[in-house]
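A short write-up of the structure that comes next.
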Amino acid sequence: PEDGYDGNHWYSSNGGDGGNGSNWLDGVTYAGGGAGASGNSDYAGNIRSPSGGAGGGGRGGSANGSGVQQPAQSGTANLGAGGGGGCKTGQTVTAGNGGAGVVILRYLGSQRGTGGTVTSSGGYTYHTFTSSGTFNTGS
């Protein structure tokens, strides 16, 4: 069976796909969910690797008791995305790491501060931080 009890453990063969992230004002989709892992195969021995969500979510890992495995993927860096889940079905498939986050400051008008990568669009100024940094208004 696809889902059930093998006499020792409850199992589910189909991990869920990751949820989609949010499309922000800059047109980029952030924070996609990492997919769940699949710990078993179908009757033909095929494994399913659930997909990560839009916005950089990692694919879920999968394995079956016959040694077939697909590694999990980490979330995309600087999108704040979740990593794919891991599993253990006769072998261990390590979960993916979450992607590093991002901070975006936006204000109306021309640049009034420094820090991060500065861009402007549609009358707004953006400061994007993909690593540690300082926003300084000069006041």
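Using the numbering used here, read the sequence shown as starting at 16 and increasing by one per residue.
Yeah, the Cβ is synthetic: ideal placement off N, Cα and C, and Gly gets one too.
Please read these numbers as outputs of a predicted model, since none were measured by experiment.
Just so you know, the alpha carbons of Ser53 and Gly76 end up roughly 6 Å apart. Leaving aside the five residues that flank Gly48 on each side, the residues in its chain whose CB is nearer than 6 Å to its CB run, in chain order, Gly33, Gly34, Gly68, Gly72 and Gly97. For Leu40, no beta strand (DSSP E) run applies, since DSSP gives it neither H nor E. In this structure, Gly116 places its C-beta atom within 8 Å of the C-beta atom of Gly95. Positions of the alpha helix (DSSP H) runs, each at least 4 residues long and wholly inside the segment 107-134, cannot be given because no such run exists. The alpha-carbon of Gly153 is positioned some 48 Å away from that of Pro65. Gly30 is not a Cβ neighbour of Ala46, given a cutoff of 8 Å. Judged by beta-carbon spacing, Gly114 lies beyond the 8 Å limit of Gly137, meaning their Cβ atoms are not closer than that value. It is roughly 7 Å from the alpha-carbon of His142 to the alpha-carbon of Arg121.
Where Thr140 is concerned, the enclosing beta strand (DSSP E) starts and stops at Tyr139 to Phe144.
Burial is judged here by how many other beta carbons sit within 10 angstroms of a residue's own beta carbon; Asn38 has fewer than 16 and is exposed.
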